[in-house]
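Numbering (the numbering used here), first residue to last: 130 to 237.
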């Protein structure tokens, strides 16, 4: 995948995630940063970083529980380790870090 195509795809996915986070009902401060980065700060003071990694053609998630890499495959973003889908895994990571259940739904 060409760099420009990947960047457009990743930016669109990060924007979808940002909008879904705003609507999920959990107290998360969302701060978009230059270069395809979303910095999330939770009420308990912990942080999570989501960013596009152009060289690897992946979206990376740095959470309290660890780091995860997702690549686009068949219209979805999947974990490079176990094939888990980004949105489901992100909801679980957010819930664990926030200390409450998170219903994260991709915008239609």
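All C-beta atoms, glycine included, are put in the ideal place defined by N, C-alpha and C.
(Q) Once the 5 residues before and after residue 205 are set aside, which same chain residues still bring their CB inside 8 Å of it? (A) Cβ neighbours of residue 205 within its own chain (closer than 8 Å, five residues either side excluded): 214 and 215.
Q. Is residue 177 helix, strand or coil by DSSP?
A. Residue 177 falls in the strand class under three-state DSSP.
Q) If we ignore side chains and look at the alpha-carbon of each, how far apart do residue 160 and residue 233 end up? A) Going by the C-alpha atoms only, they are around 18 Å apart.
Q: Please name the residue or residues paired with residue 190 in a DSSP beta bridge.
A: DSSP, once it has assigned bridges, lists 179 and 197 as partnering residue 190.
Q) To the nearest angstrom, how far is it from the Cα of residue 210 to the Cα of residue 222? A) For residue 210 and residue 222, the distance between alpha carbons rounds to 16 Å.
Q: Starting from residue 156, follow its DSSP beta bridges and name the residues at the other end.
A: Residue 156 pairs with nothing; no bridge assigned.
**Q.** The alpha helix (DSSP H) enclosing residue 140, as first and last residue numbers
**A.** Run containing residue 140: 132–151, per the alpha helix (DSSP H) assignment.
(Q) Is it buried or exposed, residue 227, if we count other Cβ atoms within 10 angstroms and call 16 or more buried? (A) Counting the other CB atoms within 10 Å of its CB gives residue 227 a total of 16 or more, which places it among the buried residues.
Q. Can you tell me whether residue 192 is buried or exposed, with buried defined as 16 or more other CB within 10 angstroms of its CB?
A. With 16 or more Cβ atoms within 10 Å of its Cβ, residue 192 is classed as buried.
Q: Would you list the one or two residues that DSSP bridges to residue 170?
A: As a beta-bridge residue in DSSP terms, residue 170 pairs with 158 and 176.
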